[in-house]
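Engineer: Numbered per UniProt numbering, the sequence shown finishes at 284, counting up by one with no gaps. Every residue gets a Cβ at the ideal spot worked out from N, C-alpha and C, and that includes glycine. Predicted model, so just to flag it, every value in this text is computed and none were measured.
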Amino acid sequence: MQTHLKCDIPYIPCTPHRINTSVEVSVPVCALFELLQELLVSVTSSTKRFDVYREKVKQSDEELLMLRNLSATRWVAHKESICAIWSSYAVVLEVLEVLTDSKYDTKTRVKAGALQDKMKSFNFLVMLMFMKNVIGKTKCLTTEVQSIDMNIIDTIENFKATITMLEHIRNDSEGLENQIQATKSVAEQHGIDPDDEYNRHHRQRKKPHRIDDHPETAANLCLVEHYRKEFFAVLDAQINAIKANLEAVTNILQPAVTLLQPPYIGPVDNTELVRFCAMFPELM
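(1) Excluding sequence positions up to five away, which residues of its chain have a Cβ less than 7 Å from the Cβ of Y11?
(2) Between which two residues does the alpha helix (DSSP H) harbouring P28 extend?
(3) Give me the residue from L176, S60 and E55 with the minimum Cα distance to N133.
(4) Helix, strand or coil for V131, going by three-state DSSP, please let me know.
(5) Determine the direct distance from the alpha carbon of R18 to that of A43, and round the result to whole angstroms.
(6) Hey, K56 and E94: beta-carbon distance below 7 Å or not?
(7) In this structure, how does DSSP classify D196 when only helix, strand and coil are distinguished?
(8) Could you pull the start and end residues of the alpha helix (DSSP H) that G175 belongs to?
(9) Assign N245 to one of two classes, buried (16 or more other C-beta atoms within 10 Å of its C-beta) or exposed (fewer than that).
(10) Pull up the distance between the alpha-carbon of residue 312 and that of K107, whole angstroms please.
(11) Looking at chain B, is there any beta carbon in it that lies within less than 7 Å of the beta carbon of P13?
(12) Would you tell me roughly how many angstroms separate the C-alpha atoms of M131 and A256, rounded to the nearest one?
(13) Which residues in the same chain as N270 place their Cβ atom closer than 7 Å to its Cβ, once the five residues preceding and following it in sequence are excluded?
(14) Mapping the DSSP letters down to three states, classify L98 as helix, strand or coil.
(15) Could you tell me the distance, in whole angstroms, from the CA atom of F159 to the CA atom of F231?
(16) Say whether the region 188 to 198 touches the region 141 to 151, bearing in mind that this needs 3 or more beta-carbon pairs closer than 8 Å, one atom from each stretch.
(17) Which same chain residues, not among the five before or five after A72, have their C-beta less than 6 Å away from its C-beta?
(18) Could you tell me whether the Cβ atoms of V234 and I180 are closer together than 7 Å?
(19) Put I169 into one of helix, strand or coil per three-state DSSP.
(20) Near A248, which residues of its chain fall below 6 Å by C-beta distance, leaving aside the five closest residues on each side in sequence?
(21) Does DSSP put T73 in a helix, a strand or coil?
(22) Determine, using beta-carbon pairs with one atom in the region 32 to 43 and one in the region 116 to 132, whether at least three such pairs fall under 8 Å.
(23) Buried or exposed: where does M150 fall if 16 or more other Cβ atoms within 10 Å of its Cβ makes it buried?
(24) Roughly how many whole angstroms lie between the Cα atoms of residue 334 and T250?
(25) Compute the Euclidean distance between the alpha carbons of I242 and T15, then round it to the nearest angstrom.
(26) Quick check on the burial criterion: 16 or more other C-beta atoms within 10 angstroms. Buried or exposed for R49?
(27) What distance in whole Å lies between the Cβ atoms of L259 and E272, which are believed to be in contact at a cut-off of 8 Å?
(28) Buried or exposed, going by whether 16 or more other CB atoms sit within 10 Å of the CB of S45?
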């Protein structure tokens with residue numbers, strides 16, 4: 001393309017794709033997205049199963065979102081899918097309960113039972129609530145950078161604002177703990193015992209004396225500390241990914257940023273002006 005147009009074409013990394021891949025640092029988040037996709041496929045791949053879900057949604061007094069497909073590249077699709085499950089969590093559990101009835105074939109019953117067990121998990125609920133909040137903060141940025149009418153200066157400011165919001169969540173330990181406590185309340189309403197589940201799956205494993213002379217000093221994280229650590233991993237990865245993209249965009253478009261970003265104070269730098277003109281050779 002550069003050879004054909006006879007000019008340099010700057011490469012700017014795809015922000016939504018980087019944000020998508022940044023969550024891979026957390027095993028619970030990856031498991032969350034895998035389960036969301038599994039639920040969608042299981043419910044919508046059969047007209048009979050989808051009819052059960054649609055009937056349950058109609059019977060509900062609340063305005064619920066329909067299940068949405070996850071996209072490998074569209075971060076917005078992740079938000080839509082998560083919000084749909086969060087809003088219709090109880091309904092989806094009811095649908096899976098119906099599908100375990102003996103009138104359905106063995107494969108459907110077994111699959112529905114397995115999905116029900118995975119959904120009735122504190123780990124699933126707490127990561128669902130956390131990612132719903134995080135994706136809500138990054139949706140505006142990912143939507144803007146994919147817009148045809150994108151304004152470079154406004155987008156850079158959006159980058160900075162998103163980083164600030166994520167850093168605020170990262171540094172608000174009390175807010176993260178409140179999220180965990182709120183999720184515990186929701187879990188208990190559905191018959192889930194968060195502490196019992198955590199103790200079963202996160203039993204402390206001390207190293208033998210031949211490896212560690214003082215195994216009793218090994219760290220033993222409680223439920224809140226464990227999930228706060230998981231939240232930090234996701235937030236740090238997202239912040240670093242957005243910062244890296246902001247740096248790449250700023251470096252490539254530095255002349256435009258320097259000359260066009262208000263306030264316009266002081267004399268124009270001729271070097272930056274020459275670099276800016278070189279970005280648009282066809283206009284010179």
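Structural biologist: This is what the structure holds:
(1) none
(2) Here the alpha helix (DSSP H) through P28 covers V27 to T44.
(3) L176
(4) Here the sequence assigns Met to residue 131, which means Val is not the residue at that position. M131: helix per DSSP, three-state reduction.
(5) Checking the displayed sequence, the identity of residue 43 turns out to be Val instead of Ala. Straight-line Cα distance between these residues: approximately 30 Å.
(6) yes
(7) helix
(8) S173 to Q189
(9) buried
(10) In the structure as shown, the chain starts at 1 and stops at 284, and residue 312 therefore has no counterpart that could be examined.
(11) The structure shown has no chain B; it contains just one protein chain.
(12) 35 Å
(13) none
(14) According to the sequence as given, residue 98 is Val; it is not Leu. Here V98 sits in helix by DSSP.
(15) 21 Å
(16) With the cut-off at 8 Å, the region 188 to 198 and the region 141 to 151 do not touch.
(17) Residue placement at A72 cannot be trusted, given a pLDDT of 48 that sits under 50; the coordinates are not used to answer.
(18) no
(19) In the structure shown, the three-state DSSP call for I169 is helix.
(20) P13
(21) Model confidence at T73 stands at a pLDDT of 46, short of 50, so the residue's coordinates are unreliable and nothing is read from them.
(22) yes
(23) exposed
(24) The requested residue 334 is not part of the displayed model; the chain covers only 1 to 284.
(25) 7 Å
(26) buried
(27) 6 Å
(28) exposed
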